[in-house]
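*Asks:* What follows is a structure written as structure tokens; I'll ask about it next.
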Amino acid sequence: MTERQFASITQHPDFQLLTRRRARLGWSLTALMLAVYFGFIGLLAFYPAALVAPVRGGTLTTGIVAGAAVIVVAFALTAIYVRKANREFDGLNARILKECAA
């Protein structure tokens with residue numbers, strides 16, 4: 338890639354839109370994951386009794402369920418990012434490259 342092509346891509350309005358959207362989504366999902374994680378840690382630190390209660394009177398505790406939920410949320414947020422990237426960002430990226438290659 339030449340310097341001219343690089344400048345053409347970085348100055349393209351769609352590229353600037355792509356970087357803004359991708360950054361906004363990334364930071365939003367990061368903030369959500371941090372809230373979930375630190376919420377779990379805060380619950381563990383300040384209200385541990387809530388995490389040792391058995392679920393339906395069995396041996397499984399709410400702490401195990403909450404910990405598993407943190408992991409599931411992480412996978413779900415990753416899936417959301419990948420889906421958005423595949424559906425929106427990749428198409429926009431291809432359009433930018435096509436227009437700037439000419």
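Be aware that the sequence shown starts at 338, since it is given in the working numbering, and climbs by one per residue.
Glycine residues also receive a C-beta, built at the ideal position from the N, C-alpha and C atoms.
#1: For T339, does the three-state DSSP call read helix, strand or coil?
#2: Which partner residues of T398 appear in the DSSP bridge assignment?
#3: Give a yes or no on whether the C-beta atoms belonging to L429 and L355 are separated by under 8 angstroms.
#4: In whole angstroms, give me the CA-to-CA distance for A413 and V392.
#5: On the three-state DSSP scale, how would you describe Q348?
#6: Thinking just about the alpha-carbon of each residue, which of L434, R359, F352 is nearest to the one in A420?
#7: Once the 5 residues before and after E436 are set aside, which same chain residues still bring their CB inside 6 angstroms of it?
#8: Measuring straight from C-alpha to C-alpha, what distance separates A406 and T399?
*Replies:* Looking at the coordinates:
#1: coil
#2: P391
#3: yes
#4: 24 angstroms
#5: coil
#6: At residue 420 the sequence reads Arg, which differs from the Ala that was named. Among L434, R359, F352, the Cα nearest to that of R420 belongs to R359.
#7: none
#8: 10 angstroms
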